[in-house]
Every structure is written in C-alpha cells, then in structure tokens.
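Let me begin by presenting the structure, written as structure tokens, before commenting on it.
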Amino acid sequence: MAPSRPDKESPAPSLGPGQAVSGRHALREQDVLWADFLALAASVVNSLEKSVQAICDGRFDLISEVENEEEDSDRREVLIELECLRILALYEPVASDLRRMATVLKGNRDWERIADLALRVAQRARKLSRHPGAMAMPEPLKQLARDVLSQVRASYRALASRDPAAARTVIAGDTAIDARYRALRKQFKDGLGQHPEQLDAWLELMNTARNLERIADHAVGIAQTVVYLEEGVIIRHTPAPRSADG
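With our numbering, letter number 177 in the sequence shown gets 177, and the count goes up by one each step, no holes.
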C-alpha cells in the first residue's frame with residue numbers, strides 16, 4: 001500500500017546557527033569587496049579626467065599623478081580578484097550574489113584596462129607636445145576625449161547605482177563614439193598624405209584616438225555587466241540599440 005501523502009507541504013528546514021552566521025559573514029565580505037571595487041572604479045575615473053586635461057588643456061603636470069594612480073590600480077585590481085576568488089571558493093554564492101561576484105571579476109579587469117589606457121593617452125599627449133614642429137592638438141581629438149570621459153563617467157554612475165536603464169544608455173552611446181573615431185582616422189590619414197614629413201606625429205595622433213576608442217569599449221563592457229547584474233541577461237554579443245540622435 002502506497003504511503004499517504006501529507007495534506008500540506010513540509011516547511012523548508014530552517015538554517016542552524018552556524019549556517020546563519022556563515023551567511024551573514026558571506027554577505028558582509030561581499031559588501032566590503034563591492035565597496036573596494038567601486039572605490040577602484042572611482043579612482044580610475046579620476047585618473048582619466050586628468051588624462052583628458054592633459055589632452056585638452058595641456059596639463060602635463062598631472063601625468064605623474066596618473067602614473068602613480070595606474071600603479072595603484074594594478075595593485076588593487078590583483079587584490080580584488082584574489083578576494084573575489086576566495087569568496088567564490090569559500091561560500092559558493094548563488095543567484096544575485098553570484099552575479100555580483102561575476103560583475104566584480106569582469107568589471108575589475110575593465111577598470112584596470114581603462115587606467116592603463118588613460119596613462120598611455122596622457123603620455124602620448126606629452127610626447128606630441130615635445131615633438132619637433134609640434135602641431136596643435138586637433139579639436140576633434142579633444143572632443144573625442146571629452147565624449148569618452150562622459151561615457152566612462154556614465155558607466156561608473158550606472159554601476160554605482162546598479163541602474164540597468166542608465167547602463168543601456170551607455171551602450172547605445174557607443175555608436176556615436178565609433179563614428180567620431182572613424183572620422184578622425186580618415187582625417188589623420190588625409191593629414192599624413194599631405195604632410196608625410198610629420199609621420200611620427202600623425203601616428204601618435206592615430207594611436208591616441210585608438211586608445212580613447214578602446215577606453216569607450218571598456219565603458220560599454222562595464223555597462224553590460226550592470227545589465228547582467230540586475231537582469232541576469234548577457235548582452236555582450238547583442239547589437240547595440242541606436243542612440244536617440246543617431
């Protein structure tokens with residue numbers, strides 16, 4: 001004879017004291033790591049602001065600060081990754097906690113790369129200023145630098161507020177950045193054709209623009225992780241929506 005079934009579902013087993021304490025410890029450590037991650041991101045935004053000042057305003061005196069901050073970003077990026085891996089191994093988080101740790105791992109690398117590229121941009125600007133027969137920094141390149149900085153700032157705000165709608169706006173804005181970069185490349189190639197004696201300077205300008213475009217790509221990567229964090233959707237290989245003005 002088959003055993004009788006209970007009229008009601010059995011209640012889920014309650015957590016024992018040890019499990020509850022472990023859960024609180026896990027959440028607290030994840031919160032501390034998240035705060036460290038956001039602090040790194042804020043520091044990188046600050047470094048990029050100085051790099052853009054070097055490009056747009058000739059503030060080459062700030063480059064030594066960017067160099068020191070880039071070294072600090074490298075150190076912090078390693079520590080954050082190690083702590084994230086430790087938490088994953090020790091607590092085996094699931095659902096939203098797991099997505100938050102995945103966001104830290106992915107975004108951590110993006111922010112470190114932005115710091116590295118910000119330093120390269122600042123150093124190239126200084127090198128251009130010292131080049132024999134130095135040309136003025138082209139205004140379209142300055143505008144690209146400002147636009148990229150705006151994208152990175154917006155990406156940081158979306159991350160800090162965990163706002164997927166704001167993150168999607170960043171992703172959509174990348175279309176305009178790409179278009180500006182392509183126009184700059186054409187302009188620089190035309191300039192090189194007209195003034196081949198300034199080959200080195202034109203190549204430095206092209207590489208500066210390329211580094212700025214790559215920074216914008218990392219800002220998009222960070223925005224994509226915000227969407228994943230809040231919605232559980234991976235959109236890395238989904239075509240970006242058109243921006244409102246595009």
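Glycine residues also receive a C-beta, built at the ideal position from the N, C-alpha and C atoms.
Being a predicted model, the structure only gives us computed values, none of them experimental.
- In the DSSP assignment, Phe188 falls within the unbroken alpha helix (DSSP H) covering Pro164 to Gln194.
- If you draw a straight line from the Cα of Gln30 to the Cα of Arg113, it comes to about 23 Å.
- Residue environment for Arg28: exposed (fewer than 16 other C-beta atoms within 10 angstroms of its C-beta).
- In the three-state reduction of the DSSP assignment, Arg120 falls in the helix class.
- Non-local C-beta neighbours of Leu205 in its own chain, meaning closer than 6 Å and more than five positions away in sequence, comprise Phe188, ordered along the chain.
- In terms of Cβ geometry, Ala54 and Ala158 do not form a close pair [threshold 9 Å].
- Inclusion of Leu117 and Ile222 in the CB contact set at 9 Å is not warranted, their separation being larger than that value.
- C-alpha of Ser73 to C-alpha of Cys84: approximately 16 Å in a straight line.
- The alpha carbon of Ala115 has as its nearest neighbour, out of Glu197, Gln194 and Glu49, the alpha carbon of Glu49.
- In the displayed model, Ile80 falls within a helix according to three-state DSSP.
- Contact annotation: Gly107 and Phe37 have beta-carbon atoms nearer than 9 Å.
- Segment contact: the region 220-236 against the region 165-178, three or more CB-CB distances shorter than 8 Å; contact assigned.
- Within the same chain, and ignoring the five residues on either side of Asn207 in sequence, the residues whose Cβ sits closer than 7 Å to its Cβ are Arg124.
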